[in-house]
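Novice: Residue numbers for the sequence shown follow the numbering used here, beginning at 9 and rising by one.
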Amino acid sequence: MQMKKITLAAIALALTLHAAGVFAQETMKKDSMNCMDMKGMVMKGMNMDCPDMFKKPAAGKQSTHMAKGVVKKIDAKSGMVTIAHEPVQSMNWPAMRMDFKVKDKMLLKKLDNGKHVEFEFAEEGKTYVIKSLK
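Structure, rendered in C-alpha cells:
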C-alpha cells in the first residue's frame with residue numbers, strides 16, 4: 009500500500025513538472041520582449057541611441073571606412089587586432105570594442121596595446137579587415 013502511494017505521488021509530480029515545462033515554452037514562444045517592463049532597470053551609462061546599428065550602408069556607396077580607436081589586444085599569430093573604436097558614421101555603428109583582421113601582418117608591427125590609431129577598413133565576407141593605418 010505504501011509503495012502505491014509513493015508511485016502515485018511520483019507520477020503526479022512528473023505530470024506537474026511536464027505541464028510547467030510546456031507552459032514555460034508556450035510563454036516564451038510569444039514575443040515577450042515587447043511586454044518587458046524595464047522601469048526598474050539601471051540604464052546609467054548605457055547608450056541605447058543606436059537603432060540603425062545593424063543597417064547596412066547603401067550598396068555601392070562606400071567600400072572602405074575610416075575609424076579611430078585604441079588598440080586593446082594584438083594576436084600576431086592569427087593576424088587579428090582588437091580595437092575599442094569610436095562611432096563609425098559610414099557603418100551606422102556606435103562606439104564598441106571589436107576584432108579586426110589585418111590585410112598585411114606587417115601592419116601589426118605598427119601597433120601596441122593602448123596605442124591610439126586611425127585606420128581604414130573594409131568588410132570582406134563576415135570579417136572586417138584593416139587595409140591601412142594612419
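Just so it is clear, CB atoms sit at the ideal spot from N, CA and C, and this is done for glycine as well. Since the structure is predicted, the reported quantities are computational estimates derived from the model, not experimental observations.
1) Take L141 as the anchor and find which of A130, T135, V125 and A17 has the nearest alpha-carbon.
2) E128 and T90 - do their beta-carbons sit closer together than 8 Å?
3) Do you know whose CA, among A18, Q97 and M88, lies nearest K139's CA?
4) In chain order, what residues of the same chain lie with their CB nearer than 7 Å to the CB of I82, ignoring the 5 residues before and after it?
5) Taking all protein chains shown into account, decide if M99 is buried (16 or more other Cβ within 10 angstroms of its Cβ) or exposed.
6) Nearest-angstrom Cα distance between D112 and A84?
7) Given a threshold of 16 other Cβ atoms within 10 Å of its Cβ, counted over all protein chains shown, does A18 qualify as buried or as exposed?
8) Starting from the Cα of M114, find the closest Cα among E94, H93, M106 and S86 and give me that residue.
9) Could you tell me if A92 is buried or exposed, where buried requires 16 or more neighbouring beta carbons within 10 angstroms of its beta carbon?
10) Below 8 Å on the Cβ atoms is my contact criterion, and I expect A130 with V96 to pass it. Report the Cβ-Cβ distance as a whole number of Å.
11) Taking K83 as part of the beta strand (DSSP E), name the residues at either end of that continuous run.
12) Under the rule that 16 or more other beta-carbon atoms within 10 Å means buried, what is G133, buried or exposed?
Specialist: For this structure:
1) V125
2) no
3) M88
4) V89, L116, L119 and N121
5) buried
6) 11 Å
7) exposed
8) S86
9) exposed
10) Actually they are not in contact, since the Cβ atoms of A130 and V96 sit about 12 Å apart, beyond 8 Å.
11) Sequence inspection shows Asp at residue 83; the Lys mentioned does not correspond to that position. Looking at the DSSP string, the run of the beta strand (DSSP E) that includes D83 is T72 to D83.
12) exposed
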